[in-house]
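In what follows, a single structure is set out as C-alpha cells and then discussed.
Numbering (mature numbering (1 follows the signal peptide of the UniProt record, and there is no 0)), first residue to last: -19 to -1, 1 to 1094.
Printed below as a string of C-alpha cells:
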C-alpha cells in the first residue's frame, strides 16, 4: 500500500538486522457520572497492564512491519462466578490475566494461573471451552519472528481452579505461523468447534510487486522456510485433534494474504457460518460463503461493489435492526482535510488499474460499512453513514454503547510512530537515501526513530442515529482520551446491564471504561445460552428479540474486532422499551426455541435441555436471484456497449472524473409503423450504432447504422421533415479529442420510404462539443419541430461551460443555429446533462427544463420565438451535479412535478449552502492550459481537495513555495495563488448532491419530498416513472452508479436498481422484498418497451451488456 511504502523501504535499509511521561490514559475522568463512559484509574481497578514495546537492534519497526500492531483483549469468566475476567496479550511483555473481584476491582493472577507461556510476541486472544468441561480456555496467537525464536500459538486449558495448562500441541493447535487471531466455530455442522487461523505473511510486501499468487499456498512458495509461516488456515476438529483442511475447503493460504481481521457469522441467512477476512496491503478482503458441504466459495466480488484497501479490524452486526448483519472494516484515512494532506498518498490511477487487471478488485482508502441488502449483496455506505474516516484504525466493535436499541461503532485508533507522515517520507527518507549513496553508511536506528512523528489519538465512538447515519461522539461520551489503541472488547464487568469497554493500548496503560448508560429510562436484556456438548456455549446460535414492533438480532460469536474476544453473554439494549414480546433462538443445530415475554433488565439463562424446541420453519435464505416480484430478467441479444481504453487523466491532470464514458444512449420507438416497438442503440468510440427491429415473435433483427462510430451520447427520434417517417438525431460526445473536432459533429439520419436510414449531409450545424441531450419542440410555432441540443462539456476542458444550441428547422430537416439570436442564454449555460419540455405552470405554454453539473435546474420560457431564462425560478439556486431529470404528476394535483437525479451523499466530499464545493478555472501557471482546482469550504475557507503531489505535478510553480505537506494542508486556494489571482479566476459551485423529488405547488413554488435514504447511496443517472404494481399510482425506478473517478474518490456503486412505490401524494417508500432489481454497473438509461404486448424495461449499462427486464404484474 502506498502510504506504507516508506516502511517497506526502510526495512530494506535495516535488512541486515533481520537477516543476521504524563499519560492521558491514566487520568481519571473528573465528572465521571456526567458522561456515558468513565475512565477508571489503575489505582481503583488494580489493572496495570501496559503493552510496552521498544525497538531493539535486531528486532524493530524496520525489521518487523507489524511492530506497532499491538495486542488484544479477551473476556473470560475463569471461575464461573458470573463476573467477567480479562486477558491482555503483550508483545514484548507477558500476557496478563486479571480476575474480577467485583465493583471494578481486579486481581492479577497471571503468574499463579500459569498463562505466561514461552514469552513470545503475542497478538490475538480467543476464549473457548475447547475440552467442553464447563470452564473456558484461552488460545493465544503469536507472531513476531525473532532470530532463534519461532512463533508458536498456545492453548491454555482451564483446570477449574484458576490455573491453566498449556496443551496446544496435544490438540494440534501449536500453529507455527505468524498468527494475528483465531476464530472458533462449527463450519461443517458436525457439532464440534473448528477454527480459522488468521495469519499475516512475513514476506516483504515490496518484493511481491502486486503479483497475484492467491492460489499458491504458503508452503509451496520458493522462499526461505522462516517466511512460509504466513497463509491462513482452516483447521477441522476431528474428535479433539485439529487437522488442516484449507485446500479442500476452498480457503486461500497464500503469502499475499496479510490478514488483520477475521469475523464469522451467518451472512446470507442460510444458518451456516460464513467468514470475512480483512487483508492489509494490496490483497483484497475475502468473503467466504459456506456451501453447506464442508466447502466455502470466496464471493467478495459477488457481494460487494468495493471494499477497504488496507483493511484492518472488522466486525459483523446488525446496524439498522432489519435482521441482516452488516460488515464494518477499518482503514487509515484521517478525519480532517489537513491530516489527509499531511499523511496520505492516494494510489495513482495506473497502479489502481494494474491491480484491477490482476484481480485485486476495487479497493479504496477509507473505512467500509457494508450494508446488507437482504438480497445477496452489500451496499458500501461508509461516507453516507459518516463512518468512513477515523485515522490509523485497528479494532472495530459494533455494540449498543448507549443502550438506545441501535448498535454503535467503536474504533481503536493510533499508531505509535506514524510512518505515513508525508513530510517524514518526503524529506527525511530522501536524505537517508542520499547519504547512503554518497557515503555507504546507514543512519543509526535511533536517529531514524527520532524523526518519526508520534501523536496519540482519541478512539472513535460513532453513535447510531437510527437512520443509517452516525455521529462521532467520543468526547461527549467520555471516550476522548488520546492513546495508541489496538485491540478492544466489550463486557458487562459489573453486571449492571450496560457494556463496559476494555482497550489494550500500546506504550500506554490499558483503558477500562465503565459504562453509565444504564439509567431508569434505559433498559436491556442479557442472555446466557447453554447448549450441549461439544458446543455447550452455543457458538453460532442466533437470537431475535421482538418488542413493540421492533426486532433486534444478535449472534453468539465471541471472536471480534481486532485480536480480541468479547463477553459471551448476548446483550440487547432496549432504550425506553419496557416490555418484550418474545425471543426466538435458533440453536447451532438449527432447532428453534421461543421464549414469550421475558423480563427486562435481567440476565436470562436459556438452557437447551430445559426448553421446548422444534425444527420449525426457517425463513427463506436471502434471494440469490436478482428478480423481484414484479420483474424478471429476460435474455436478450442486444449489443454489448464496449468502451475503449481512453484515460482522461492523461490529458487533464487535475480533474477527478472522466467524461469519456457517458454512454450508452438508447431510444425506443416504432420506427417502421408496424405496431411494434423498435430499439436504437448508440455505440461507444469505435463501435457502430444499431437499430433493432422487433419481429412479431418478440425477437429483434439488428441493422448496422453507418454512423461515425464515435461515442454516441444522445439519440432523439422525431419526424424532422414532416413526411410521416421517423428520423434519428445522433449526438456525439466523449473526451477523446479537443473542441471542434469532427468527432463531435452531430448527425441527422433521415428515414427513406424503403425504411432505410441515410445520413443527411450538412443538415446539422457543426457543434464541436460533448453532446448530452437533444429534444424536439416547435419553439417558433411554424408547424415543424426544432431542436434543443444540450452540451455536456467542452472536450478536454472539464469545468468550462460549453455552448448549448437552439437549432431551427426549415421544415425539410435542415437546421440552423439560432442560439445567439433566439436563445442567447444557452451560450455558456453550463455543463448540461438532461432536458425536458413541459408546461410547468399549466398556462398552455411549455417550458424548457435543463439540468447540469455545477448547475441549478434552469427553466426557460418559450414565447415570441424566443427562449428566455426565468429569473424567478426557485430551482435555479439548487446547484448540484444533476445527472438526469423526469417530469410527471406524482401527486395527482394536475401539476407536473420533477424527479431530479443527483450524485448522492455517499461520497468523499459533500456540500451545503454554507459549505459549497467549488471548481476554480484559471491558467494559474501561465502555460496556456486551463487549470481546474477543486475546493471545499472548511471554516469559511476554500481548501483545495487535490493532494500536494497532484497539484505540484500540474502546477510546478508551487514548488517555489517549498511547502511541507503539513503546511500545504493549512493553505486555502487564496493562500496558494494570492487573492488577486483568485479574483480573476472563474468558478462554479455545488451546494447539494441529494437526489430529489420536487413537488409543484403552483405559482413557481416547489416543495421537496423526502425520499428513502437508499436514494442517496449512489449517483442517479436514469429515472423511470411507472405504475409498477398496477394500483393506479405512479412509482419510481432509480438507477445509476459511477465508477470513473480517481482512486482517491472511490466508486459510487450502491444502487442496483431502486424500486420506490408511490402513495399518490408525492411520497415514496422502499418495500423490503422489492428493494432492488439486481442491476450491476453504471446504468445510463431506462426505456420502456412492449415486447409481444408485454411491458419491459431496457437498461443501458456503460461498458456492459444491455439488461432487459419483463414487468410480470
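Glycine included, every Cβ here is placed at the ideal spot set by N, Cα and C.
- Following the DSSP letters along the chain, one finds residue 338 inside the alpha helix (DSSP H) bounded by residues 330 to 338.
- Rounded to the nearest angstrom, the Cβ distance from residue 711 to residue 667 is 15 angstroms, too far for a contact under 8 angstroms.
- Under the DSSP assignment, residue 969 falls in the beta strand (DSSP E) whose first and last residues are 967 to 971.
- Cβ contact annotation for residue 861 (same chain, cutoff 6 angstroms, sequence separation greater than five): 883, 971, 973 and 974, in chain order.
- A distance below 6 angstroms between beta-carbons, with the five flanking residues on each side excluded, links residue 169 to the following residues of its chain, in chain order: 275.
- Residue pairing by DSSP leaves residue 877 without any beta bridge partner.
- DSSP lists 109 as the beta-bridge partner residues of residue 118.
- Closest by C-alpha distance to residue 646, out of 613, 692, 658 and 616, is 692.
- Per DSSP, reduced to three states, the secondary structure at residue 833 is strand.
- Assignment of beta-bridge partners to residue 146 by DSSP yields 138.
- Boundaries of the alpha helix (DSSP H) harbouring residue 320: 318 to 324, taken from the DSSP string.
- In the three-state reduction of the DSSP assignment, residue 26 falls in the helix class.
- Residue pairing by DSSP puts residue 882 in a beta bridge opposite 865.
- Between residue 657 and residue 680, the gap from beta carbon to beta carbon reaches 7 angstroms or more.
- Secondary structure in the segment 447 to 507: the beta strand (DSSP E) runs of 3 residues or longer, each lying completely within the stretch, are 451 to 453, 466 to 472, 481 to 486 and 492 to 496 in chain order.
- Between the segment 837 to 849 and the segment 933 to 946 there are fewer than three C-beta pairs closer than 8 angstroms, too few to call the two in contact.
- Secondary structure of residue 729 (DSSP, three-state): strand.
- Apart from sequence neighbours up to five positions away, the residues of its chain that approach residue 765 with a beta-carbon distance below 7 angstroms are 703, 759, 790 and 792, ordered along the chain.
- Taken atom to atom, the span from the alpha-carbon of residue 952 to that of residue 459 is near 33 angstroms.
- Per DSSP, the unbroken alpha helix (DSSP H) holding residue 801 starts and ends at 800 to 803.
- Excluding five sequence positions before and after residue 906, the CB atoms of its chain that fall closer than 6 angstroms to its own CB belong to 936 and 938, given in chain order.
- Of the residues 54, 1065, 472 and 155, the one whose Cα lies closest to the Cα of residue 648 is 1065.
- Residue 931 and residue 918 have their C-alpha atoms spaced approximately 20 angstroms apart.
- The beta-carbon distance between residue 111 and residue 136, rounded to whole angstroms, is 7 angstroms. This is short enough to meet the 8 angstroms contact definition.
- Looking only at 427, 307 and 1020, the smallest Cα-Cα distance to residue 377 is reached by 307.
- Residue 254 is classed as buried because its beta carbon has at least 16 other beta carbons within 10 Å across all chains shown.
- The count of Cβ pairs closer than 8 angstroms, one atom from the segment 59 to 68 and one from the segment 438 to 448, stays below three, leaving the stretches out of contact.
- The residue among 372, 682, 950 and 673 with its C-alpha nearest the C-alpha of residue 349 is 372.
- For the 7 angstroms CB-CB criterion, residue 632 and residue 777 form a contact.
- Nearest to residue 874 by alpha-carbon distance, out of 263, 1084 and 1045, is 1045.
- Counting only runs of at least 3 residues, the segment 981 to 1008 fully encloses the following beta strand (DSSP E) elements, listed from N- to C-terminal order: 986 to 990 and 1001 to 1007.
- Scanning its chain for C-beta atoms nearer than 8 angstroms, with the 5 sequence neighbours on each side dropped, one finds around residue 261 the residues -19, 181, 239, 240, 241, 291, 292 and 293, in chain order.
- Of the candidates 140, 537, 1005 and 946, the residue whose Cα lies closest to the Cα of residue 165 is 537.
- For the pair residue 506 and residue 994, the Cα-to-Cα distance works out to about 30 angstroms.
- Note that the segment 887 to 897 does not touch the segment 946 to 962; fewer than 3 beta-carbon pairs, one per stretch, sit closer than 8 angstroms.
- Inclusion of residue 265 and residue 342 in the CB contact set at 7 angstroms is warranted, their separation being smaller than that value.
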